[in-house]
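Residue numbers (our numbering): 805 to 1064.
Here a beta-carbon is modelled for each residue, glycine too, at the ideal position from N, C-alpha and C.
All of these numbers come straight from a predicted model, not from anything done at the bench.
The structure appears below as structure tokens.
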């Protein structure tokens, strides 16, 4: 169920704001029918989460259409006009470059980039947030960006690094397919970080868009000889702190309005 300001929300009063068969309606319906309590201080908080989840899905689909290659950290690459590549294979925002310009360049010059699936998830989050926050707020919130994995993630996004068991799985969630019998010479295929899109479809960098069966089939190609266990989808998900990000967003709008 959805709880707004300590009251059970009547979804009929706002669900029609969204297109039939749209991502937002799917999320609202799942939340409303769930035994889980989805609690918000305001309708604005919920609306922001719906908007950000949709933008995460859009960013994932766009990344799938770009030319960024899938490779190991050892062979990772980036546009050195915008990023410095670390010895570990991550990317650090170059001095004098605005964060928004560097994130946008990953799409503009996608063929100059190559990395593995965890970094791709972080890129998707930044692209989605840039689309909602706009350049000014995005650059204020993320003055220093390091792209690699959960160990280097910005504090505002750190919740995306923690997979937890959930009552429901929603578009925009980060999920993980685990490949326990991976071939040790192909450690990059020990699993696949994915974004849940909708209706049982996922995006994973290096595999692309597909259902669970298709992603598992691809991971199974990289198992050791005589492997006994197939890859499988973990019953967990990671999520951004949507409410905190919403509060930051609306506070920024309020401050901007007052200045004017």
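{"Query": "Kindly confirm or deny that the region 889-902 and the region 945-960 touch, where touching means at least three C-beta pairs closer than 8 angstroms.", "Result": "yes"}
{"Query": "Which whole-angstrom value is the C-beta distance of residue 1007 and residue 868, which I expect to be below 8 angstroms?", "Result": "5 angstroms"}
{"Query": "Would you check if the distance between the CB atom of residue 1010 and the CB atom of residue 921 is smaller than 8 angstroms?", "Result": "yes"}
{"Query": "How big is the Cα-Cα spacing for residue 1031 and residue 997?", "Result": "21 angstroms"}
{"Query": "Along the chain, which unbroken stretches of the beta strand (DSSP E) at least 3 residues long are found entirely within the region 858-933?", "Result": "887-889, 895-897"}
{"Query": "Taking all protein chains shown into account, decide if residue 880 is buried (16 or more other Cβ within 10 angstroms of its Cβ) or exposed.", "Result": "buried"}
{"Query": "For residue 1050, which three-state DSSP category applies?", "Result": "helix"}
{"Query": "Whether or not the region 831-851 and the region 901-912 are in contact is what I'm after, with contact meaning three or more pairs of Cβ atoms, one per stretch, closer than 8 angstroms; do they touch?", "Result": "no"}
{"Query": "At which residues does the alpha helix (DSSP H) containing residue 978 begin and terminate?", "Result": "No alpha helix (DSSP H) contains residue 978, which is instead part of the beta strand (DSSP E) from 978-982."}
{"Query": "Leaving out the 5 sequence neighbours to the left and right, which residues in its chain are closer than 7 angstroms to residue 1022 when beta-carbon positions are compared?", "Result": "1011"}
{"Query": "Can you name the start and end residues of the beta strand (DSSP E) that residue 843 belongs to?", "Result": "842-844"}
{"Query": "Checking 8 angstroms against the spacing of the C-beta atoms, do residue 1015 and residue 999 come in under that value?", "Result": "no"}
{"Query": "Considering only the alpha carbon of each residue, which of 906, 969, 916, 955 lies closest to residue 943?", "Result": "906"}
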